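K.L.:
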Amino acid sequence: MKKYLLLLTVSCLAIAGHAQNLLDKVPATATMAIRYSGENFSKNIPLKKLDSYGFIKEHVFKMLHIENLRSVQNTGIDFGKDICQYVAVEDTCINFVTLLPLKNEAQFIKMIRDSYDAKKNTIQKNGYTFLPVSDGVYIGWNKTSAVIVDASYQNRQNYWTRYYDTIAADTVVAVADSTVAVTVDSAYQFTPPKIVDTTMAPESDTATMEIELAPMIEDQAKEEEERRIRDSISNMKWELWQQQQDLIARKQQEFSSAHVMDRFFSENIRSIKNEPAYTKIIDPAAHASIWINNEGILEQYWNFFEKGRYSIFGNYAKQYSDTGSTSSSALNIYFDKDKMRMETSTFSLDPQLDALGKSVMNSRQSNSLLGYVNPGNIGYFSVSINSEAMTHYYYEYMRRYLAKMYNMREYSEVVDIYIDLLEILLDEKGIADLLPGNYMFVMHDMKPRIVNYTDYEYDDEFNRKEVKKTKKELSPLFTFAFETRREDFLKKLAKLPVKYAEKSDSSYKWKEGGYYELAFKEGEMPFSSMYFMVKDEKGIVTTSKEVIDMTLAGKTYTPDENTRNSVLGNNYSVNISSKRLIEKLSTQLSTESNKKVADYLIKNLGDLKMETGIRDGMIRGTTTLQVTGNNSNSLEFLFNMMDSINNIMEQEKQEGKKKIN
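With the numbering used here as the guide, the letters of the sequence shown map in order to residues 7 to 667.
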C-alpha cells in the first residue's frame with residue numbers, strides 16, 4: 007500500500023512548480039502518459055501553502071513512514087520543474103513509471119530510506135544508483151533526476167496445468183537460473199512387504215483370523231505411509247514451483263525496471279512529445295494532462311502474453327517495437343477560479359476509423375425526450391448516437407481486435423470472413439429501427455417515505471422473536487425513456503408478462519389508458535411501483551405516476567434554456583445538481599461528522615456538467631465542476647476540502663476519546 011501512496015503523493019504534490027520538460031524522456035511506445043505542468047500549477051497553489059494543510063503532515067507522511075519530514079519542500083524533489091508519469095508494457099511486465107527532477111539528492115535519499123527498509127543495498131549502475139525498495143518497486147537516481155518504476159509481472163504459469171501436462175515426464179524441478187535442481191521421486195525408496203505363507207492348516211478359527219488380519223493391517227499401514235510420503239512430495243513440488251515463479255517474477259521485474267532506467271539516464275529516446283497523435287490533442291497550457299494510446303493498449307496487451315517467461319535469459323524479437331497508434335484519447339485538466347474543467351478529445355490518424363467514429367455521433371436528441379427533463383431535477387443523462395453506424399464501427403473494431411489476438415495474425419483471412427458473416431447474420435438496420443440511439447434518464451426527485459420491515463431480537467436464551475419496525479428511506483422518482491421505430495414489437499414485449507402474471511402471484515398488470523404497473527410488496531423495494539409504457543414511438547420505464555399521466559395527456563415538462571441547448575446541441579449531456587443530491591442523501595446520515603461533511607459539501611460544491619459532441623473535426627467533451635466558498639481557485643478548493651473533512655473526522659475522534667475517558 008505504501009508504494010501506491012508514495013506515487014499518489016508525488017502526483018498530488020506535483021502541483022507547485024515551474025515548467026521544465028521531462029516529456030523528452032517519455033517514450034513514444036507508452037500506452038499512457040501523464041504530465042503535471044509546474045508552471046501552471048504554481049500560479050494556483052505554492053508549496054508553502056501545502057505545508058499549512060494538517061492532513062498532509064498528520065496522515066500522508068505517517069502512512070509513508072516519513073514522520074520526521076515536516077515540509078514537502080524537504081522531499082528533495084524539485085517541484086519547480088515538470089513531473090511526468092507513463093505506463094508501458096514490455097519484457098512481460100506492466101510498468102508504471104514516475105519521472106522526478108531532483109534539487110537535493112541527500113533529502114531524496116533520506117525520504118526513500120524513511121519510507122522503506124534502510125538496510126537495503128543500493129547498486130551502482132551506469133550513471134545512476136539503483137535501489138530495489140520492495141517486490142515490484144524500484145528507484146533509480148542521480149544528482150538531477152529520479153525514476154520510480156512499479157513493475158508488475160503477471161505471466162505466471164499455472165502449476166496444475168503443468169502438473170497434468172508433465173505427469174509422465176521426469177520429476178526434476180529446476181528454477182529459472184538453473185542453479186537449483188531438486189529430484190523428488192527418487193528421494194524415497196520403498197521395500198515391498200514380505201509374502202506371508204498361510205498354507206498351514208489353522209489350529210482354530212481365531213488363529214486363522216489373526217493370521218489373515220496381520221498382513222492386511224501391515225499393508226494398510228504401509229499404504230498410509232506411502233500416501234503420506236506422496237502428499238509430502240507433492241507439497242514440496244508445489245512449494246518449489248511457487249518459489250520458481252516468484253524468482254522469475256522478481257528477475258523479470260528487476261530486469262524490466264533497470265531497462266527503463268538505462269534508457270532514461272543514458273539514451274536519447276524517441277519521445278512521445280513529437281508524435282502527432284500526442285500533440286494534436288494535448289494542450290501544453292493545461293494544468294495536467296493524460297494521454298492514452300488506444301490501439302497501443304490493445305497491441306501491447308497481446309504482446310504481454312506472447313513473450314516467453316524466460317526471455318530475460320536471452321534475446322527475443324519485439325513483434326511490436328513501434329506502437330504508434332491510429333487512435334488516441336486525451337484529458338486536459340484546468341483549475342479555474344470558480345470551476346474545475348476537464349476537456350476530453352478522441353481522434354484517429356486512420357481515415358477509415360476516424361470517419362466511422364464521427365458517423366456514430368451523427369445524431370441529435372429529440373424534443374420529445376427532452377420533455378421528460380423536469381425543472382428542479384436532481385440530474386439527467388442524455389445520449390444521442392447513431393446505432394446503425396455504431397454496429398459498423400463495432401465490426402471494424404472487432405476485425406482489428408481479433409487480428410492482434412494470440413496466434414490470430416496468421417489467419418487474418420479467416421477473421422475477415424468471420425466478421426463478414428457476422429454482418430450478414432446481424433441486421434444492423436433492424437437493430438437501428440428497434441433502438442435508433444436516443445436515450446434519456448432523469449432523476450426527478452428523491453422523496454422520503456416510511457416503510458415497514460421485519461427484524462429479529464433474541465432473549466438471554468437465544469430464542470428468536472420477530473419484531474415489526476419502521477424506517478425512513480429515500481424513494482427515487484426516475485424516468486428512463488428511449489425512442490424506437492418498432493413500437494409494435496415493444497408493445498408485444500410489454501404485454502407478454504401479463505399472461506404469465508395471471509398464473510402466478512406477480513403484480514404486473516395492464517392499466518386503463520395503455521400502460522403497465524409492477525407493484526412491489528411493502529419494504530421489498532425503495533419504491534412502491536414501476537410503470538411501463540410504449541407510446542408515440544417511445545419506450546418509457548418510470549417510478550413516477552405523474553410522468554405516466556403527463557404522457558397519456560400528451561404533455562411534457564418545460565426545461566430551462568441552458569438545459570435545452572445542452573441536450574439538443576450535444577451527443578452526450580449530463581447534469582447533476584450536487585447540492586440537491588447531497589441534501590437528499592444527508593437525510594439518511596446518522597453520525598454528526600457525516601452530517602457536517604455533507605453541510606460543507608452543500609456550501610462549497612456546485613453542479614457537475616458534461617457535454618460531448620463533434621467539435622473542430624474530432625470528438626470532444628467538456629466536464630465542469632462548479633465550486634464556491636472561500637477559495638482562490640478550484641485546485642485550492644480540493645486541498646481545502648480534504649483538510650476540512652480531515653479536521654471534522656479528527657474532531658469526532660477526539661470527542662469520542664473524551665467520552666471514553
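Positions of the beta carbon are idealized from the N, C-alpha and C atoms, including for glycine. Since the structure is predicted, the reported quantities are computational estimates derived from the model, not experimental observations.
#1: Under 8 Å between the Cβ atoms of E394 and E434?
#2: Considering only the beta carbon of each residue, do N577 and S390 sit closer than 8 Å?
#3: Which one of D622, K471 and T597 has the shortest CA to CA distance from K659?
#4: Put V16 into one of helix, strand or coil per three-state DSSP.
#5: Quick check on R162: does DSSP put it in helix, strand or coil?
#6: Taking the CB atoms as reference points, tell me whether M348 and I620 lie closer together than 8 Å.
#7: Return the chain-ordered list of same chain residues with a C-beta closer than 8 Å to the C-beta of N274, the five sequence neighbours on each side being excluded.
#8: Taking the alpha-carbon of T618 as reference, which of Q657, V573 and S638 has the nearest alpha-carbon?
#9: According to DSSP, is E489 helix, strand or coil?
#10: Give me, in chain order, the residues of the same chain whose beta-carbon lies closer than 7 Å to that of M655; leave out the 5 immediate sequence neighbours on both sides.
#11: Between the alpha carbons of M267 and Y165, how many angstroms are there, rounded?
#12: Tell me N101's beta-bridge partners as DSSP assigns them.
#13: Using a threshold of 8 Å, state whether the C-beta atoms of Y522 and F538 are closer than that.
#14: Using a 10 Å radius around the Cβ and a threshold of 16 neighbouring Cβ atoms, would you call S550 buried or exposed?
#15: Looking only at its chain, what residues have a beta carbon closer than 8 Å to the beta carbon of C18, apart from the 5 residues adjacent to it on each side?
#16: Among Y59, V155, Y92 and Y424, which one has its Cα closest to the Cα of I40?
#17: Determine, using beta carbons only, whether S640 and D289 come nearer to each other than 8 Å.
#18: Measuring alpha carbon to alpha carbon, tell me which residue in G363, N280, D30 and Y386 is nearest M616.
#19: Can you give, in chain order, each stretch of the alpha helix (DSSP H) that sits fully within the region 331-383 and has at least 4 residues?
#20: Return the Cβ separation of I296 and L337 in integer angstroms, given the expectation that the two are a contact with Cβ distance under 8 Å.
#21: Do V155 and N101 have their beta-carbon atoms positioned less than 8 Å apart in this structure?
#22: With DSSP as the reference, label V190 as helix, strand or coil.
#23: Considering just the uninterrupted stretch of the beta strand (DSSP E) at Q632, what are its terminal residues?
#24: Return the bridge partner residues of L137 from the DSSP annotation.
#25: Using a Cβ-Cβ cut-off of 7 Å (strictly less than) and excluding sequence neighbours within five positions of G142, which residues of its own chain qualify?
#26: If you follow the beta strand (DSSP E) that P454 is in, where does it begin and where does it stop?
#27: From what residue to what residue does the alpha helix (DSSP H) around R586 run?
#28: Expressed to the nearest angstrom, what Euclidean distance is found between the alpha-carbon atoms of N392 and Y284?
#29: Between which two residues does the alpha helix (DSSP H) carrying R119 extend?
#30: Go to E658, then tell me how far its alpha helix (DSSP H) extends in each direction, as first and last residue.
#31: Considering only the alpha carbon of each residue, which of G529, M536 and D465 lies closest to F486?
#32: Just checking my contact of C90 with V139 at CB under 8 Å: how many whole Å lie between their CB atoms?
#33: First and last residue of the alpha helix (DSSP H) that includes L53?
#34: Just to confirm the assignment, what range does the beta strand (DSSP E) spanning M38 have?
#35: Determine the closest residue to P357 out of E402, L376 and Y378, with distance taken between C-alpha atoms.
#36: Does the Cβ-Cβ distance between I339 and A291 come in under 8 Å?
P.N.:
By the coordinates alone:
#1: Position 388 of the sequence shown, counted from the start, is the residue given in the question as residue 394. Position 428 of the sequence shown, counted from the start, is the residue given in the question as residue 434. For E394 and E434, yes; Cβs fall inside 8 Å.
#2: Indexing the sequence shown from 1 puts residue 577 at position 571. Indexing the sequence shown from 1 puts residue 390 at position 384. Cβ distance < 8 Å, so N577 and S390 count as in contact.
#3: Against the sequence shown, residue 659 aligns to sequence position 653. Of the listed residues, the one whose Cα sits closest to K659 is T597.
#4: Numbered from its first residue, the sequence shown carries residue 16 at position 10. The predicted position of V16 is uncertain, since its pLDDT is 48 and thus under 50; a value taken from the coordinates is nonetheless stated next. Three-state result, V16: helix.
#5: The residue labelled residue 162 in the question sits at position 156 within the sequence shown. In the structure shown, R162 sits in coil (DSSP, three-state: anything other than H, G, I, E or B).
#6: Position 342 of the sequence shown, counting from 1, holds the residue named residue 348. Position 614 of the sequence shown, counting from 1, holds the residue named residue 620. Going by C-beta atoms, M348 is not nearer than 8 Å to I620.
#7: Mapped onto the sequence shown, residue 274 falls at position 268. Nothing listed; no residue qualifies.
#8: Numbered from 1 along the sequence shown, position 612 holds the residue referred to as residue 618. For the residues Q657, V573 and S638, the minimum Cα distance to T618 belongs to V573.
#9: Position 483 of the sequence shown, counted from the start, is the residue given in the question as residue 489. Looking at E489 - three-state DSSP - the assignment turns out to be strand.
#10: Counted from its first residue, the sequence shown places residue 655 at position 649. Once the five neighbours on either side are set aside, the close Cβ partners of M655 are S599.
#11: As a first step, residue 267 is located in the sequence shown; it is residue number 261 there, counting from the start. As a first step, residue 165 is located in the sequence shown; it is residue number 159 there, counting from the start. Cα to Cα, M267 sits roughly 33 Å from Y165.
#12: Indexing the sequence shown from 1 puts residue 101 at position 95. BP columns for N101 point to A94 and A157.
#13: As a working mapping, residue 522 is identified with position 516 in the sequence shown. As a working mapping, residue 538 is identified with position 532 in the sequence shown. A contact, by the Cβ cut-off of 8 Å.
#14: Counting from 1 along the sequence shown, the entry for residue 550 is found at position 544. The residue in question, S550, is buried, as its Cβ has 16 or more Cβ neighbours within 10 Å.
#15: Position 12 of the sequence shown, counting from 1, holds the residue named residue 18. Low confidence applies to C18: its pLDDT is 49, below 50, so where it sits in the model is not reliable enough to give any reading.
#16: In the sequence shown, the residue the question calls residue 40 occupies position 34. Answer by Cα proximity: Y92.
#17: Position 634 of the sequence shown holds residue 640. Position 283 of the sequence shown holds residue 289. Result no, Cβ atoms of S640 and D289 do not sit closer than 8 Å.
#18: Counting from one through the sequence shown, the residue named residue 616 turns up at place 610. Nearest C-alpha to M616: Y386.
#19: Qualifying alpha helix (DSSP H) stretches, in chain order: 357-366 and 373-376.
#20: Looking up residue 296 in the sequence shown gives position 290. Looking up residue 337 in the sequence shown gives position 331. So it is a contact: roughly 4 Å between Cβ atoms.
#21: Here residue 101 is taken as the residue at index 95 of the sequence shown, counted from 1. Here residue 155 is taken as the residue at index 149 of the sequence shown, counted from 1. Against a cut-off of 8 Å, the Cβ pair of V155 and N101 comes out as a contact.
#22: Walking along the sequence shown from the start, residue 190 turns up at place 184. Per-residue confidence for V190 stands at a pLDDT of 36, beneath the threshold of 50, marking its modelled position as unreliable; no derived number is given.
#23: By 1-based counting over the sequence shown, the position of residue 632 is 626. Note, Q632: beta strand (DSSP E), M624 to V633.
#24: Here residue 137 is taken as the residue at index 131 of the sequence shown, counted from 1. I145.
#25: Stepping through the sequence shown from its first residue, residue 142 is reached at position 136. Here the set comprises D156, A157, S158 and Q259.
#26: In the sequence shown, residue 454 corresponds to position 448, counting from 1. That run of the beta strand (DSSP E) goes N444 to Y464.
#27: The residue given as residue 586 occupies position 580 in the sequence shown. First-last of the alpha helix (DSSP H) with R586: S584 to S592.
#28: The sequence position of residue 392 within the sequence shown is 386, counting from 1. The sequence position of residue 284 within the sequence shown is 278, counting from 1. So the alpha carbons of these two residues sit roughly 28 Å apart.
#29: As a position in the sequence shown, residue 119 is number 113, starting the count at 1. Where R119 is concerned, the enclosing alpha helix (DSSP H) stretches over E111 to S121.
#30: Taking the sequence shown and counting its residues from 1, the one referred to as residue 658 is at position 652. Its alpha helix (DSSP H) spans residues S640 to I666.
#31: Residue 486 sits at position 480 when you count from the first residue of the sequence shown. When each option's Cα is compared against that of F486, the closest is M536.
#32: Taking the sequence shown and counting its residues from 1, one reaches residue 90 at position 84. Taking the sequence shown and counting its residues from 1, one reaches residue 139 at position 133. With a Cβ gap of about 20 Å, C90 and V139 do not count as contacting.
#33: Taking the first residue of the sequence shown as position 1, residue 53 is located at position 47. Looking at the DSSP string, the run of the alpha helix (DSSP H) that includes L53 is L53 to D57.
#34: Here residue 38 corresponds to residue number 32 of the sequence shown, with the count starting at 1. Its beta strand (DSSP E) spans residues M38 to Y42.
#35: Translated into positions along the sequence shown, residue 357 becomes position 351. Considering only alpha carbons, the answer is E402.
#36: As a first step, residue 339 must be located in the sequence shown, where it is residue number 333. As a first step, residue 291 must be located in the sequence shown, where it is residue number 285. No; because the gap between Cβ atoms is not below 8 Å, this pair is not in contact.
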